[in-house]
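Asker:
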Amino acid sequence: MIKELIQGLSITFKHLLPGHSTTVQYPKVKLQPSDRFRGLHRLVPSHDRAKCVACYLCPTVCPAKCITVESAENEKGEKYPRVYQIDLLRCIFCGYCVEACPVEAIEMTGNYELANYHRDDFVFDKQRLLNTK
Ligand code: SF4
Ligand code: SF4
Numbered sequence: 001m002i003k004e005l006i007q008g009l010s011i012t013f014k015h016l017l018p019g020h021s022t023t024v025q026y027p028k029v030k031l032q033p034s035d036r037f038r039g040l041h042r043l044v045p046s047h048d049r050a051k052c053v054a055c056y057l058c059p060t061v062c063p064a065k066c067i068t069v070e071s072a073e074n075e076k077g078e079k080y081p082r083v084y085q086i087d088l089l090r091c092i093f094c095g096y097c098v099e100a101c102p103v104e105a106i107e108m109t110g111n112y113e114l115a116n117y118h119r120d121d122f123v124f125d126k127q128r129l130l131n132t133k
C-alpha cells in the first residue's frame, strides 16, 4: 500500500520537474502538429486558379454534407468550381474529401486556430481556402 503510494507520488512529482510537462503555455507556445494532423482545408492552386475540376466527389463523400460546389466551364470547356465552400461548423475533419479527390486539389493543413466570433466566419469560400497557409 505504502509502496504504491510512493510510486504514484514519484510519478506526480516527476511531472513537476522542468522538461517533463505535458502541456504548453498556449498561445505563447504553440505545438507543431504532426504531418498527418487534419486541420483547416486548403484548395491547391494551379496556374493562379484552383486545381479543382468540380467533379463533385468531395461533397458526395462528405459525411457532414458541409461542402458546397457549383461547377462552371471556362472558354476552353474546362470545368472549374464557380462556387466552392466548406462550412467548418459542420465539418468533422474526417479527411474523406482529401482522400476522394482524384486530382489532389484539396488538402488539410496543420492550422488548428479556428476560433471565431461570428458564425459566418466559419464558412470558408474558395478564395479563403486558396489563401490557407
Ligand atoms: S473533412 Fe470530412 S466532414 Fe470535413 S469537409 Fe472533408 S469530408 Fe466533409
Ligand atoms: S473532389 Fe477534388 S476535384 Fe472534385 S470537387 Fe472536390 S476538390 Fe474539386
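For reference, each letter of the sequence shown is one residue, going 1 to 133 in my numbering.
All C-beta atoms, glycine included, are put in the ideal place defined by N, C-alpha and C.
Since this is a predicted model, take the numbers as computed values, not measurements.
1. Tell me which same chain residues have a C-beta within less than 6 Å of the C-beta of glutamine 7, skipping the five on either side of it?
2. Quick check: does the Cβ of valine 83 come within less than 7 Å of any heavy atom belonging to ligand 2?
3. Around the Cβ of proline 89, are there at least 16 other Cβ atoms within 10 angstroms (buried) or fewer (exposed)?
4. So the candidates are Arg38, Arg82, Leu5, Cys55; which of them puts its Cα closest to the Cα of cysteine 101?
5. Grab me the residues of arginine 38's own chain with a C-beta within less than 6 Å of its C-beta, minus the 5 sequence neighbours each way, in chain order.
6. Would you mind giving the Cβ-Cβ distance between arginine 49 and tyrosine 80, rounded to the nearest angstrom? I have them listed as a contact below 8 Å.
7. Alpha carbons only, please: which of Ile86, Lys28, Lys30 is nearest the one belonging to arginine 119?
8. DSSP on serine 46, reduced to helix/strand/coil?
9. Quick check: what's the CA-CA separation for aspartate 125 versus tyrosine 84?
10. In terms of DSSP beta bridges, what is isoleucine 106 paired with?
Answerer: Quick answer:
1. none
2. no
3. Here residue 89 turns out to be leucine, not proline, going by the sequence shown. By the neighbour-count rule (16 or more Cβ atoms within 10 Å), leucine 89 is not buried but exposed.
4. Cys55
5. Phe93, Gly95, Met108
6. 7 Å
7. Ile86
8. strand
9. 6 Å
10. Leu43
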